[in-house]
Amino acid sequence: MMGRKREDALKILLKYHGMENTVTVDEFGGIAEAILYELLPKAAMLPGAMELVEHFHRNSIPMAICTGSAAEDFMYKTKSHQRMLDLIPIRTLTGDDPEVKRGKPAPDGYLVTMKKFAVIPTSPSNVLVFEDAANGVESGLAAGMRVCAVPTPGVPFPEETRSRADVVLNSLEEFDPTMFGLPPMSQ
Numbered sequence: 001m002m003g004r005k006r007e008d009a010l011k012i013l014l015k016y017h018g019m020e021n022t023v024t025v026d027e028f029g030g031i032a033e034a035i036l037y038e039l040l041p042k043a044a045m046l047p048g049a050m051e052l053v054e055h056f057h058r059n060s061i062p063m064a065i066c067t068g069s070a071a072e073d074f075m076y077k078t079k080s081h082q083r084m085l086d087l088i089p090i091r092t093l094t095g096d097d098p099e100v101k102r103g104k105p106a107p108d109g110y111l112v113t114m115k116k117f118a119v120i121p122t123s124p125s126n127v128l129v130f131e132d133a134a135n136g137v138e139s140g141l142a143a144g145m146r147v148c149a150v151p152t153p154g155v156p157f158p159e160e161t162r163s164r165a166d167v168v169l170n171s172l173e174e175f176d177p178t179m180f181g182l183p184p185m186s187q
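For the sequence shown, position 108 (counting from the first letter as 1) is numbered 108 according to full-length UniProt numbering, and the numbering increases by one without interruption.
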């Protein structure tokens, strides 16, 4: 479900649990929302994320967020992470962005995001994507971007997808920017 548009994820969940003829997507979404809006503000940042964002900011490396979340979900999910958000001004919320026609694993979200940079990269291969979901890795790869995968523990992550990422880490704390021609973390 991670990385997919909300409606797509809900349809998959209903079908997986054999409930597609029992409850509508909207009804199921309402139930899920009530639970999510209680839990999302408690979402923790990935270990090493703030340090990495601060490093990129210090070194004037442009950053953006491309998430499968819709605006309302994103607001709840990031409520306690304003400091990080202040350093990442560019955001594409593919869950309800009209420019994004297809959610992850399609490349649309990342391609839309790339066009938002003040200086648009000359090639998608000049963009480094950090992803915790297999769908997001597939999306970044389909966009022609470099991908650093940091799989969420306990969430299925196909070996085929894992093997195609440029690098796979257990934690963002393991990330070595020099692998991608970026300044080392000590700077």
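Backbone N, C-alpha and C define an ideal beta-carbon position, used for all residues, glycine too.
With 16 other Cβ atoms within 10 Å as the buried cut-off, status of residue i
i: residue 178; result: exposed
i: residue 119; result: exposed
i: residue 110; result: buried
i: residue 131; result: buried
i: residue 15; result: exposed
i: residue 101; result: exposed
i: residue 9; result: buried
i: residue 74; result: buried
i: residue 67; result: buried
i: residue 181; result: exposed
i: residue 18; result: exposed
i: residue 94; result: buried
Own chain partners of residue i with C-beta closer than 7 Å, once the 5 adjacent residues on each side are dropped
i: residue 79; result: 41
i: residue 96; result: 70, 71
i: residue 77; result: 40, 43, 69
i: residue 81; result: 45
Selected residue, minimal CA-CA separation from residue i, among the options
i: residue 172; options: 29, 37, 147; result: 147
i: residue 65; options: 82, 9, 92; result: 92
i: residue 125; options: 114, 82, 89; result: 114
i: residue 154; options: 164, 121, 134; result: 134
i: residue 122; options: 52, 94, 144; result: 144
i: residue 167; options: 56, 186, 129; result: 129
DSSP bridge partner residues for residue i (one or two, in chain order)
i: residue 65; result: 91
i: residue 131; result: 149
i: residue 119; result: Residue 119 pairs with nothing; no bridge assigned.
i: residue 167; result: 148
Chain-order list of residues whose beta-carbon lies under 8 Å from that of residue i (same chain, five-residue window excluded)
i: residue 169; result: 148, 149, 150, 175
i: residue 106; result: 139, 142
i: residue 7; result: 25, 29
i: residue 116; result: 64, 90, 92
i: residue 53; result: 63, 84, 87, 88
i: residue 46; result: 132, 150, 171, 172
i: residue 36; result: 73, 76
i: residue 156; result: 134
Beta-carbon contacts of residue i that lie in its chain and below 6 Å, excluding the five residues immediately before and after
i: residue 137; result: 131, 147, 149, 161, 165
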